[in-house]
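Undergrad: Structure below; questions to follow.
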Amino acid sequence: MAIPKVAAINDLSGLGKCSLTAAIPILSVMGVQACPLPTAALSNQTGFPSYACVDLSGHMAEFAALWDRQGVRFDGIYTGFLCSVEQVALAGRFIDTFARPETVVLVDPVLGDDGRFYPLFDHRMQAALTGLAARAGVITPNLTEARLLAGLAPDPTTPPQGLEPVWELAQQLTRLGPHTVVVTGVHWQDRIWNLGYCAKDGRRFSASTRRMGGGFSGTGDILASVLCGGLVRGEAPGRALERAAALLEASIAESCAAGTDPREGVAFEHHLHLLLKEETI
């Protein structure tokens, strides 16, 4: 049986355990080949006080054209951190070229968190990523990003009033185009919730973890990578989300016990066995 391939359109950060440094090992242990299409190379993820960055926009179209000429076929396309509106357009053209009806197209619409845009982004990026999300089958926004995609103002001071409004927001976002929406990292009571809605059958699904630590880099990337790997290999989204939550909870617990700097990301390396098919959660 051929190993499925996923084109991972994301940045490569030397420190921080996020983006491609999370996606590649996670997809690999799940039996999926990660084919990186790097958007940028960074010394470390942008949550550190400073970083060096090489923008690879000028090479993305060339890489894609070569893969097209070589007849590469992808079972999944997974987009994460995109540096600019121009890169969003490049990702859209990649989807146009390589996506087939059976291809899993997952967009993690990186825009902001905690009720604010990330410093790199603004409303132009919001509009561009809303358009890209409309072309995906699955999207994985955090709560701030979900509100931005829905055209709502994110409010950094108002926590969600229960989980029902978040599920309603996920359902609303399926009207953009994706059939499955997972709103990630929702803090409610003593747990962090990831809430999914599937428009194909109107089904809701969820997975949660204990609240530990002060928030670690790369947890959204880990969740999206596990979800993508599970969907490509035929798992139901709810099952894949449960695997992601189990990996995150074990990894965050180890990182908290070790006193890891949250900017360094979580210690997922010791817990990748949770993603193997024969493992039970």
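Residue numbers (our numbering): 133 to 413. Where a beta carbon is used, it is the ideal one built from N, C-alpha and C, also for glycine.
Which value, in whole angstroms, describes the spacing of the CA atoms of residue 407 and residue 161?
TA: To locate residue 407, count along the sequence shown from 1; it is residue 275. To locate residue 161, count along the sequence shown from 1; it is residue 29. About 7 Å.
Undergrad: By how many angstroms is the C-alpha of residue 379 removed from the C-alpha of residue 404?
TA: As a working mapping, residue 404 is identified with position 272 in the sequence shown. As a working mapping, residue 379 is identified with position 247 in the sequence shown. About 7 Å.
Undergrad: Does residue 204 pass the burial test, meaning 16 or more other C-beta atoms within 10 Å, or should it be called exposed?
TA: Numbered from 1 along the sequence shown, position 72 holds the residue referred to as residue 204. Exposed, since its Cβ has fewer than 16 Cβ neighbours within 10 Å.
Undergrad: What does the alpha-carbon distance come out to for the pair residue 366 and residue 337?
TA: What you label residue 366 is simply residue 234 of the sequence shown in a count that begins at 1. What you label residue 337 is simply residue 205 of the sequence shown in a count that begins at 1. Near 17 Å, if we compare the C-alpha coordinates of residue 337 and residue 366.
Undergrad: Can you tell me the Cα-Cα spacing of residue 395 and residue 348, whole angstroms?
TA: Translated into positions along the sequence shown, residue 395 becomes position 263. Translated into positions along the sequence shown, residue 348 becomes position 216. Approximately 6 Å between the Cα atoms of the pair.
Undergrad: Leaving out five residues before and five after residue 373 in sequence, what residues of the same chain have Cβ atoms less than 7 Å from its Cβ?
TA: Translated into positions along the sequence shown, residue 373 becomes position 241. Here the set comprises 314, 326, 328, 337, 339, 359.
Undergrad: What residue does the beta strand (DSSP E) around residue 191 start on, and which one ends it?
TA: Along the sequence shown, read from residue 1 onward, the residue named residue 191 stands at position 59. Residue 191 -> not in any beta strand (DSSP E); alpha helix (DSSP H) instead, spanning 189-201.
Undergrad: By Cβ distance below 7 Å, which residues in the same chain neighbour residue 229 in space, the five residues on each side in sequence not counted?
TA: Taking the first residue of the sequence shown as 1, we reach residue 229 at position 97. Cβ within range, chain order: 196, 200.
Undergrad: Measuring CB atoms only, is the stretch 180-196 touching the stretch 221-228, in the sense that at least three cross pairs come out at less than 8 Å?
TA: As far as the Cβ criterion goes, the stretch 180-196 touches the stretch 221-228, which means the pair count is three or higher.
Undergrad: Assuming contact is defined by CB atoms lying nearer than 8 Å, are residue 265 and residue 286 in contact in what I supplied?
TA: Start at 1 with the first residue of the sequence shown, and residue 265 comes out as number 133. Start at 1 with the first residue of the sequence shown, and residue 286 comes out as number 154. Cβ atoms of residue 265 and residue 286: not closer than 8 Å.
Undergrad: Considering only the alpha carbon of each residue, which of 351, 262, 180, 293 lies closest to residue 151?
TA: Counted from its first residue, the sequence shown places residue 151 at position 19. Residue 151 has its Cα closest to that of 351, out of 351, 262, 180, 293.
Undergrad: Ignore the nearest five residues each way along the sequence and tell me which others in residue 208's own chain have a CB closer than 6 Å to its CB.
TA: Translated into the one-based positions of the sequence shown, residue 208 becomes position 76. For residue 208, where only same-chain residues beyond five positions count, the Cβ hits under 6 Å are 138, 236, 360, 364.
Undergrad: May I ask you to report which of helix, strand or coil DSSP gives residue 138?
TA: For the purposes of this step, residue 138 is identified with residue 6 of the sequence shown, where counting begins at 1. Three-state DSSP puts residue 138 in a strand.
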